[in-house]
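First the structure, in the form of structure tokens, and then the observations on it.
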């Protein structure tokens, strides 16, 4: 059983998606416990795999016992063993959280929601677990298609936002597929490890260069890297609360993971860094993304929309860490996959809870909310401090490594960008926190007080995951030294 | 230059089709036209994959009365793998089309139009 853990990671949510659907048609109430069981099992499987990887190194799992490069192979090394539990943990938290909010937002679509929810998680886990380029494309599309469907059922503007996302997402996926095609035409292989062996002899070839550029553009579209982020703010603002809480932490992080895989595992680091200016371009776009995201976030009056722009800026951090192309930068990027998933999870869950209890989400309407929802707002403050990068929250540590990486790369502009963005984030979040905690200086806002009176603390199914995530933000910060020394230092691709 | 076009005409067709589809996806204002463009774009990719597999004078990749002593000569067979990949890709494309059309129905129910400009006006 334990030997099969790698495939179980993907098979469990996939099978349970259908079980939840069939049993859900019979009895609606069964869906929720089934989803929880499925995601808990999946989480255990990912922890077990991580444990195996730490004790005995990289796992190669041959599907149907076809040996690579002919068969599809699941390869789990330190990098994806590290990302897998993050995904299944976030999914589990969102699943617990979703009970009340789905009942309120999509009362007649509960069964379909949970079925697609599990397919979405299957897609994410599959992208991370696979060692085959084409298989990755299929999982990427499973994740994207279920994402489109989940976003469409949101509030008023959602279908149109989702359609735009679909168009951009399809362009991204097709570019990725073209990249796979070019690499296959040149090497005749789809297996990542095999490609890594075959490619170095062909690095001069134009086919490889074109394929590489297709990968970069396609993945930048999928992970919403500036200036290809245009689909993200609309889609994640209008999506149902639980869907934003699932997609915002995961889709972009999974994209960052694939980017690391392609740039540093499939292609050798010296190709991406020295033979092409790919990583330089990536770092500069990332720097633009960080500043642009933070600046656009300043202009927003809607809390959820502000968070989506912060997400655009966080994608910039990930891409910057990858683009710096040195050990510290990459440590920062990989650590940030974990930390940012938790930060975004906490922020989007809190906003969802506020919308659930209070209805409004304009920043100016949130006054006095801390008296009514003390725990929720407290977690929001912790997450905000983490995004700004204040120790001991986890956001500080990944930013620390990113800055170290920028210094190692002599990229003083990047150091400046990281510091300025921390400042901008501080302004952004203190604007919100001030609005919540401090006394009003405006007469018309006092009326809000009556609106807030009837608000209560978020229901228990929402509060528990929010509190766990909040505690996670602090404990991950404290444990980050241990995480780096046991996992991340081995997760950095060979050649650094 | 002319030789380059003629001898690799399949790739030129793929690029042309892809650009037509890309233009429709990005430039057209009608949402149905965007979906049609998406389909052309994806079909172009199928053409690309299939044409990388083909060989002049190649035959079916099936060994008659298999397991014989004769060695398989790869140069005389058309590579079956890209075709198989495209079967999967076609499935993905059909499902993308399905989801896109379903979303369009949702949009039409709400706005009673599929023109992007009208919808943007409505959203303001």
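Chains as they are written, first to last, in this note's numbering: chain A, 603 to 1098; chain B, 721 to 844.
Using N, Cα and C, we set each Cβ at its ideal position, and we do this for glycine too.
Name, please, each residue of chain A whose Cβ falls closer than 7 Å to the Cβ of residue i.
i                      : result
residue 812 of chain B : 740 and 743
residue 809 of chain B : 779
residue 754 of chain B : 769
residue 839 of chain B : 762
residue 751 of chain B : 765
Starting from the beta carbon of residue i, find every residue of chain B whose beta carbon is closer than 8 Å, and list them in chain order.
i                       : result
residue 1104 of chain A : Nothing in the structure corresponds to residue 1104 of chain A, since chain A is present only between 603 and 1098.
residue 754 of chain A  : 822, 823 and 826
residue 787 of chain A  : 772
Does the separation of the CB atoms of residue i and residue j fall below 8 Å?
i                       : j                       : result
residue 822 of chain A  : residue 767 of chain A  : no
residue 1077 of chain A : residue 950 of chain A  : no
residue 630 of chain A  : residue 712 of chain A  : yes
residue 834 of chain A  : residue 914 of chain A  : yes
residue 699 of chain A  : residue 1063 of chain A : yes
residue 718 of chain A  : residue 751 of chain A  : yes
residue 760 of chain B  : residue 773 of chain B  : no
residue 890 of chain A  : residue 828 of chain A  : yes
residue 624 of chain A  : residue 651 of chain A  : no
residue 619 of chain A  : residue 732 of chain A  : no
residue 820 of chain A  : residue 781 of chain A  : yes
residue 866 of chain A  : residue 930 of chain A  : no
residue 986 of chain A  : residue 1029 of chain A : no
Report back the beta-carbon spacing between residue i and residue j to the nearest angstrom; my notes put them in contact at under 8 Å.
i                       : j                      : result
residue 661 of chain A  : residue 608 of chain A : 6 Å
residue 816 of chain A  : residue 784 of chain A : 7 Å
residue 935 of chain A  : residue 920 of chain A : 5 Å
residue 730 of chain A  : residue 792 of chain A : Actually they do not touch by this definition, with Cβ atoms about 17 Å apart.
residue 1068 of chain A : residue 978 of chain A : 6 Å
residue 1075 of chain A : residue 888 of chain A : The pair is not a contact, with the Cβ atoms about 23 Å apart (cut-off 8 Å).
residue 842 of chain B  : residue 806 of chain B : With a Cβ gap of about 39 Å, residue 842 of chain B and residue 806 of chain B do not count as contacting.
residue 812 of chain B  : residue 856 of chain A : With 8 Å as the limit, residue 812 of chain B and residue 856 of chain A do not qualify as a contact, their Cβ atoms being about 17 Å apart.
Can you give the Cα-Cα distance for residue i and residue j, rounded to whole angstroms?
i                       : j                       : result
residue 627 of chain A  : residue 989 of chain A  : 41 Å
residue 892 of chain A  : residue 883 of chain A  : 14 Å
residue 810 of chain A  : residue 804 of chain A  : 7 Å
residue 777 of chain A  : residue 756 of chain A  : 28 Å
residue 772 of chain A  : residue 758 of chain B  : 8 Å
residue 730 of chain B  : residue 736 of chain B  : 10 Å
residue 905 of chain A  : residue 830 of chain A  : 22 Å
residue 1104 of chain A : residue 862 of chain A  : The displayed coordinates of chain A run from 603 to 1098. Any statement about residue 1104 of chain A would go beyond what the structure contains.
residue 1096 of chain A : residue 907 of chain A  : 39 Å
residue 1048 of chain A : residue 1058 of chain A : Reliability of the predicted coordinates at residue 1048 of chain A is poor, the pLDDT of 49 falling under 50, and the value obtained from them is presented with this limitation in mind. Distance between the alpha carbons of residue 1048 of chain A and residue 1058 of chain A is about 19 Å.
residue 803 of chain B  : residue 765 of chain B  : 12 Å
residue 1079 of chain A : residue 999 of chain A  : 7 Å
residue 912 of chain A  : residue 763 of chain A  : 18 Å
residue 742 of chain B  : residue 1082 of chain A : 44 Å
residue 1139 of chain A : residue 695 of chain A  : There is simply no residue 1139 of chain A to check, as chain A begins at 603 and stops at 1098 in what is shown.
residue 1092 of chain A : residue 860 of chain A  : 17 Å
residue 1045 of chain A : residue 959 of chain A  : With a pLDDT of 48 at residue 1045 of chain A, under the threshold of 50, the modelled position of that residue is not reliable, and no figure is offered here.
residue 605 of chain A  : residue 801 of chain B  : 30 Å
residue 808 of chain A  : residue 818 of chain A  : 15 Å
residue 969 of chain A  : residue 824 of chain A  : 36 Å
residue 850 of chain A  : residue 749 of chain A  : 11 Å
residue 902 of chain A  : residue 839 of chain A  : 12 Å
Give the DSSP-derived three-state secondary structure of residue i in the structure shown.
i                      : result
residue 883 of chain A : helix
residue 662 of chain A : strand
residue 667 of chain A : helix
residue 939 of chain A : helix
residue 655 of chain A : helix
residue 734 of chain A : strand
residue 634 of chain A : helix
residue 779 of chain B : strand
residue 836 of chain B : helix
residue 798 of chain B : coil
residue 969 of chain A : coil
residue 678 of chain A : strand
residue 964 of chain A : strand
Find the residues of chain B that neighbour residue i, judging by a C-beta separation of less than 7 Å, and give them in chain order.
i                      : result
residue 880 of chain A : Going along chain B, no residue has its Cβ under 7 Å from residue 880 of chain A, so there is no contact; the nearest lies around 22 Å.
residue 826 of chain A : By Cβ distance, chain B contributes nothing, its closest Cβ being about 17 Å from residue 826 of chain A, past 7 Å.
residue 751 of chain A : 819
residue 761 of chain A : 823, 826, 827 and 830
residue 736 of chain A : 805
residue 550 of chain A : Lying outside 603 to 1098, the shown extent of chain A, residue 550 of chain A is not represented and no answer is given.
Starting from residue i, find everything on chain B with Cβ-Cβ shorter than 9 Å and list it in chain order.
i                      : result
residue 773 of chain A : 742, 745, 746, 758 and 761
residue 996 of chain A : Within 9 Å Cβ-Cβ: nothing; residue 996 of chain A doesn't reach chain B, min ~36 Å.
residue 633 of chain A : The contacting residues do not exist; residue 633 of chain A stays about 21 Å from chain B at best.
residue 717 of chain A : The contacting residues do not exist; residue 717 of chain A stays about 14 Å from chain B at best.
Is any heavy atom of the ligand FMN found at a distance shorter than 7 Å from the C-beta of residue i?
i                      : result
residue 978 of chain A : Among the components modelled here there is no ligand, and therefore nothing to report on the ligand FMN.
What does residue i reach in chain A if we use C-beta pairs closer than 8 Å?
i                      : result
residue 768 of chain B : 780 and 783
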